[in-house]
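Chemist: Residue numbers (mature numbering (1 follows the signal peptide of the UniProt record, and there is no 0)): -17 to -1, 1 to 796.
No residue lacks a Cβ here, since even glycine has one placed at the ideal position from N, Cα and C.
Keep in mind that this is a model prediction, so the values were computed, not measured.
This is the structure I want to talk about, given as structure tokens.
This is the structure:
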């Protein structure tokens, strides 16, 4: 518990928002913003410590915490996390609680409504209560460290937080579990896809929906899944377009939203040193601060360094001197949407279940809104879960209920701690098998062994695949418990000598349990396999892999163009174009056939290739799903960035798809005709954006990265970027919209057990979330220049990396 003195300054949970008075902007401007940056040297007495603790920082501000007890290390971690990222911690907590409007005003109220319905507070309570007494003590000590910072700096909070007028409440141990549940919720992209798919179905009908929701290149379109919705009056879904907008807004607000990630391990037989290697690469929006930050802890019975989320005393990827572990998104489908037939009788709402009408549960929620009066609303709950569209004053029609896994017996928080203390790959394997509350590809290694384990809690669906919403009134689609954890895919020390994941489908068709149907496209994992299988590896080759910008999709596109059934019809379609268009299409095709797949920012052929991809979205789908400002087109673009896209699926095959016909013309087009148009349009668009000298075109002049703060103001950039959504060095853009880079590397980690100090890393934009800090954006240049920091485990090497300057935290009175 927080001290009585602290409670005097920090209002009780749930009350602050009702009584918060905004700090005057003038007062904030008078305050020296430098005062808001905690010192990195000197002595600070802090009540709650048992003994002195040393905090040193490397050149980019990443901390090394040295203490004589694990208690003091955890307390100091809370203090340091808050020192670096207090605004981010409080913002993510408010987002997870559905209380963001208290800080940001009415423009985020619909996001709050959405998150109240999701009710992560319930999930976090289950998860925290299921944890061991040991783990709860850890979280309590960590929370006291956070609160020590809040107490000490209550009048010197970062300017963005102070100017918001929000008065922070003290940190509770359960809040850390809440952030873990937000991370878990954020790892399932399928919820947003399911909502978007309903928007698409309203536009084109259920019969065509399956063509827009492919699962993988080698699978048939999910017609049976779409057939679930036949006969359902989708137009009766209350507030669907608004829900889709909110889910997309939530993705931009949520720093933890599911993103591109990869991890891999190289076994001793493929290593130059004869010892294992491991790499991890996690991307995020180009926004400061990133969700991830590095921290190193050294205590008598605990030492580790790795990736943390401020607010959560857990290293999700890291290294402890003996074992390295890493995470990437498995893209697991662990939650489902159910359509619910509802009707109002008197003041009560009823929903249909197997022919009977049952009363919906009622949960009252109060929303405090900055600058406005509070409002009170009802969230209705069915047997599947809360209705996401309760606030639309449902009287009849269709509600959308979200079902998520329960965590009543879950030990995931303990398992992550056990993983960070594992002394060999076998113990790491044991720990990863106990991680159930979040779906991840966990790859781990010691000097001699490598392993992989899929974690999570995956529902057994009686029927259906969960790719699209199911009729909630039909019990055939209900969940029947969860898949046995022993069925989760895993591997250890494979004969090929490496293991790797890049959000691709990791379970083959017909596998004994269902992980997902929303995998990423396979190209990044294919390129990973090409590079991992080639020659012997060391830390330098792993860095080269993390910066690789070659796509395997270009070769597949070339094969499609040259296929026996396509080459001649495509030539005929190009010949049938008007002369000017014919010349452009011929040039584009010639350059695509000569393209080697290297998406360097200076490459002219890469520019042609990407212009063709972008134009393909418009030429194939815009006539059916547009205009570009419509809800249906935005839903389509959104889905294309979340998993294997219908655009790629159509380019590589699907010759019989109804989307090849241009509905704006009297004749019926086929795939060669649309491809010919797309080739010509790629050159025309290039002419307008890059000029008439085609040899001078550069991919990086179309494709750039710009880093912004949380208010949308530019920090750095734009910088010319190579790569795209299909390269191991990820630089995705919104396919169907523009070429702006939507994700950048946020954390990179390499462990080479053949080195005296095995761990190297990059920390993304910057360690601090405070714009006044010198460590706010000093990680951008090292990332652009492929510079890595060393994280030493041997004390004699600490001074070289972390220097002599230190902040000494001492027990206060």
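Please check the pair residue 508 and residue 484, which I expect to be a contact at CB under 8 Å, by giving their CB distance rounded to whole angstroms.
Modeler: About 7 Å separates the two Cβ atoms, so the contact holds.
Chemist: Assign residue 777 to one of two classes, buried (16 or more other C-beta atoms within 10 Å of its C-beta) or exposed (fewer than that).
Modeler: Answer is exposed; the Cβ neighbour count stays below 16.
Chemist: Among 683, 187 and 713, which residue has its Cα nearest to the Cα of residue 703?
Modeler: Checking every option, the nearest Cα to that of residue 703 belongs to 683.
Chemist: I need the boundaries of the beta strand (DSSP E) containing residue 426, first residue and last residue.
Modeler: Here the beta strand (DSSP E) through residue 426 covers 423 to 428.
Chemist: Considering only residues of the same chain and omitting the five flanking positions on each side of residue 352, which have a CB-CB separation below 8 Å?
Modeler: Cβ neighbours of residue 352 beyond the five flanking positions: 84, 85, 88, 89, 92 and 358.
Chemist: Would you mind giving the Cβ-Cβ distance between residue 164 and residue 110, rounded to the nearest angstrom? I have them listed as a contact below 8 Å.
Modeler: About 6 Å; that satisfies the 8 Å criterion.
Chemist: Pick out the complete beta strand (DSSP E) segments inside the segment 362 to 412, 3 residues or longer, and give them in chain order.
Modeler: Entirely contained in the segment 362 to 412, the beta strand (DSSP E) runs reaching 3 residues are, in chain order, 379 to 387.
Chemist: Could you name the residues that DSSP lists as bridge partners for residue 132?
Modeler: BP columns for residue 132 are empty, so no partner.
Chemist: Can you tell which of 536, 461 and 149 has its C-alpha closest to the C-alpha of residue 575?
Modeler: Nearest option by C-alpha distance: 536.
Chemist: Excluding five sequence neighbours on each side, which residues of the same chain lie with their C-beta closer than 6 Å to the C-beta of residue 311?
Modeler: Within the same chain, residue 311 has close Cβ partners 244, 245, 246, 424 and 484.
Chemist: Going by beta carbon distance, what residues of the same chain come within less than 7 Å of residue 789, once the five residues before and after it are set aside?
Modeler: Result list for residue 789: 24, 37, 38 and 39, in chain order.
Chemist: What residues match up with residue 474 in a beta bridge as DSSP calls it?
Modeler: Looking at the DSSP assignment, residue 474 forms a beta bridge with 435.
Chemist: How close, in whole Å, do the beta carbons of residue 731 and residue 520 come, if the pair is a contact with beta carbons under 8 Å?
Modeler: In fact, because the Cβ distance is near 16 Å, the residues do not count as touching under 8 Å.
Chemist: Pull up the distance between the alpha-carbon of residue 461 and that of residue 314, whole angstroms please.
Modeler: Distance between the alpha carbons of residue 461 and residue 314: 21 Å.
Chemist: On the CB-based measure, 16 or more other CB atoms within 10 Å of its CB, does residue 428 come out buried or exposed?
Modeler: The residue is buried, with at least 16 neighbouring Cβ atoms inside 10 Å.
Chemist: Shortest alpha-carbon distance to residue 219 belongs to which of 666, 372 and 766?
Modeler: Minimum Cα distance to residue 219 is reached at 372.
Chemist: Is DSSP giving residue 665 helix, strand or coil here?
Modeler: Of the three classes helix, strand and coil, the one that applies to residue 665 here is helix, per DSSP.
Chemist: Compare the Cα-Cα distances from residue 394 to each of 784, 642, 116 and 591 and report the closest residue.
Modeler: The residue with the shortest Cα to Cα distance from residue 394 is 116.
Chemist: Count the other CB atoms, across all protein chains shown, that sit within 10 Å of the CB of residue 406; report buried if there are 16 or more and exposed otherwise.
Modeler: With fewer than 16 Cβ atoms within 10 Å of its Cβ, residue 406 is classed as exposed.
Chemist: Tell whether a beta-carbon distance below 8 Å holds between residue 290 and residue 304.
Modeler: Not a contact, by the Cβ cut-off of 8 Å.
Chemist: Would you kindly work out how many angstroms separate the C-alpha atoms of residue 657 and residue 69, rounded to a whole number?
Modeler: Distance between the alpha carbons of residue 657 and residue 69: 52 Å.
Chemist: Thinking residue 655 and residue 743 are a contact (beta carbons under 8 Å), I'd like their distance in whole angstroms, please.
Modeler: Contact flag wrong, Cβ pair sits at about 49 Å.
Chemist: Quick one: what does DSSP say residue 295 is sitting in, helix, strand or coil?
Modeler: Strand.
Chemist: Which of helix, strand or coil does DSSP assign to residue 733?
Modeler: If DSSP states are grouped into helix, strand and coil, residue 733 belongs with the strands.
Chemist: Straight-line CA distance for residue 587 to residue 681?
Modeler: Straight-line Cα distance between these residues: approximately 5 Å.
Chemist: Measure the C-alpha to C-alpha separation of residue 650 and residue 79 and round it to an integer number of angstroms.
Modeler: Their backbone Cα atoms lie some 52 Å apart in a straight line.
Chemist: What are the partner residues of residue 324, as DSSP defines its beta bridges?
Modeler: Beta-bridge pairing links residue 324 to 381.
Chemist: Taking C-alpha atoms, which residue in 577, 580 and 262 lies nearest to residue 249?
Modeler: With distances taken between Cα atoms, residue 249 lies closest to 262.
Chemist: Between which two residues does the beta strand (DSSP E) holding residue 27 run?
Modeler: Element bounds for residue 27: 25 to 29.
Chemist: Inspect the beta-carbon positions of residue 192 and residue 629 and report whether they are closer than 8 Å.
Modeler: No, the pair does not count as a contact, with Cβ atoms beyond the cut-off.
Chemist: Helix, strand or coil for residue 331 per DSSP?
Modeler: DSSP places residue 331 in strand when its eight states are reduced to three.
Chemist: Leaving out the 5 sequence neighbours to the left and right, which residues in its chain are closer than 6 Å to residue 29 when beta-carbon positions are compared?
Modeler: For residue 29, where only same-chain residues beyond five positions count, the Cβ hits under 6 Å are 131, 792 and 795.
Chemist: Is the shortest distance between the beta-carbon of residue 204 and the beta-carbons of chain C less than 8 Å?
Modeler: Any reference to chain C falls outside this structure, which holds one protein chain only.
Chemist: Please list the terminal residues of the continuous beta strand (DSSP E) segment that includes residue 245.
Modeler: Taken as a continuous stretch (DSSP letters only), the beta strand (DSSP E) holding residue 245 covers 244 to 249.
Chemist: Count the other CB atoms within 10 Å of the CB of residue 4; is the residue buried (16 or more) or exposed (fewer)?
Modeler: Caution is warranted here: a pLDDT of 29 is assigned to residue 4, below 50, making its placement in the model unreliable, and the coordinate value is therefore given only provisionally. So residue 4 ends up on the exposed side.
Chemist: According to DSSP, simplified to helix, strand and coil, what is residue 673?
Modeler: Correct three-state label for residue 673: helix.
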